[in-house]
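Participant: Please see the structure below; I have some questions.
Numbering (full-length UniProt numbering), first residue to last: 1 to 214.
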């Protein structure tokens with residue numbers, strides 16, 4: 001690549017942007033009113049305690065965002081390493097890590113859309129609505145009341161932004177290898193996609209295991 005953006009700069013920018021959006025999300029959307037809407041079966045004192053507890057330790061969530069991003073991009077970089085080797089090529093880990101970090105910016109878009117949706121379109125909602133809503137995903141085509149919990153995460157994962165993420169990874173690999181984009185697509189489908197499906201299966205299994213109703 002001619003434009004050698006440093007992975008450290010990409011990571012810091014991504015982490016700060018993600019924390020900022022999450023902070024705005026919590027300030028504007030996760031309000032005391034939403035807690036009362038969600039836990040209407042409890043008395044007001046209990047709901048107040050739950051809300052105060054959440055806000056007392058909310059900083060832990062902000063600290064975990066950079067950790068999660070580091071782990072995720074590291075794992076994605078590993079899958080891209082596997083994909084390039086399968087296709088008979090080799091890249092430095094720093095190269096695939098840079099590709100993974102650049103592609104991760106795609107997932108900022110659904111966060112912004114989600115923020116806009118609940119601020120402007122759907123102003124009455126619960127915490128469950130916030131957790132389960134994912135813009136432009138397969139989940140939007142189904143009624144959650146009639147959908148088994150095992151399908152919620154997979155249907156959330158299959159969305160327009162995930163496809164854009166695949167494309168961005170493929171383009172990044174193409175640029176790093178200085179080959180055609182077809183090779184980038186092959187790398188993604190031979191490395192990242194199998195790992196994604198494995199991850200979905202694991203999450204679906206865990207969801208069914210801990211859910212009282214499935």
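Note that beta-carbon positions come from the ideal geometry of N, C-alpha and C, so glycine has one too.
Please read all numbers here as calculations on a predicted model, not as lab measurements.
Would you call the CB atoms of residue 76 and residue 192 closer than 8 Å?
Facilitator: A contact, by the Cβ cut-off of 8 Å.
Participant: What residues are listed by DSSP as bridge partners for residue 137?
Facilitator: Bridge partners of residue 137: 159.
Participant: How would you label residue 184, buried or exposed, when you count the other beta carbons within 10 angstroms and need 16 or more for buried?
Facilitator: Result: buried.
Participant: Do residue 30 and residue 39 have their beta-carbon atoms positioned less than 8 Å apart in this structure?
Facilitator: No, the pair does not count as a contact, with Cβ atoms beyond the cut-off.
Participant: Count the other CB atoms, across all protein chains shown, that sit within 10 Å of the CB of residue 100; report buried if there are 16 or more and exposed otherwise.
Facilitator: Per the 10 Å Cβ criterion, buried.
Participant: Exposed or buried, what is residue 173 when buried is set at 16 or more other beta-carbons lying within 10 Å of its beta-carbon?
Facilitator: That one is buried.
Participant: For the pair the segment 192-211 and the segment 153-162, tell me if three or more CB-CB distances fall below 8 Å.
Facilitator: Verdict: yes, contact present.
Participant: What's the C-alpha gap between residue 126 and residue 67?
Facilitator: Taking the straight line from one Cα to the other gives about 28 Å.
Participant: Can you round the beta-carbon distance between residue 187 and residue 87 to whole angstroms, since I take them to be within the 8 Å contact cut?
Facilitator: Confirmed, Cβ separation roughly 6 Å.
Participant: What runs of the alpha helix (DSSP H), each 4 residues or longer, lie entirely inside the segment 95-156?
Facilitator: Counting whole runs of 4 or more residues, the segment 95-156 contains the alpha helix (DSSP H) stretches 108-116, 127-132.
Participant: Is the beta carbon of residue 102 closer than 8 Å to that of residue 164?
Facilitator: Going by C-beta atoms, residue 164 is not nearer than 8 Å to residue 102.
Participant: How many whole angstroms separate the CB atoms of residue 237 and residue 106, which I take to be in contact at a CB cut-off of 8 Å?
Facilitator: In the structure as shown, the chain begins at 1 and stops at 214. Residue 237 is therefore absent and cannot be evaluated.
Participant: Roughly how many whole angstroms lie between the Cα atoms of residue 60 and residue 24?
Facilitator: Looking at the two C-alpha atoms, the distance is approximately 16 Å.
Participant: Taking the Cβ atom as the reference point for each residue, do residue 73 and residue 97 lie within a distance shorter than 8 Å?
Facilitator: For residue 73 and residue 97, yes; Cβs fall inside 8 Å.
Participant: Among 190, 124, 19, which one has its Cα closest to the Cα of residue 64?
Facilitator: Among 190, 124, 19, the Cα nearest to that of residue 64 belongs to 19.
Participant: Roughly how many angstroms lie between the CA atoms of residue 58 and residue 26, to the nearest whole one?
Facilitator: Those two C-alpha atoms are separated by around 9 Å.
Participant: Hey, how far is the Cα of residue 136 from the Cα of residue 129?
Facilitator: Near 15 Å, if we compare the C-alpha coordinates of residue 129 and residue 136.
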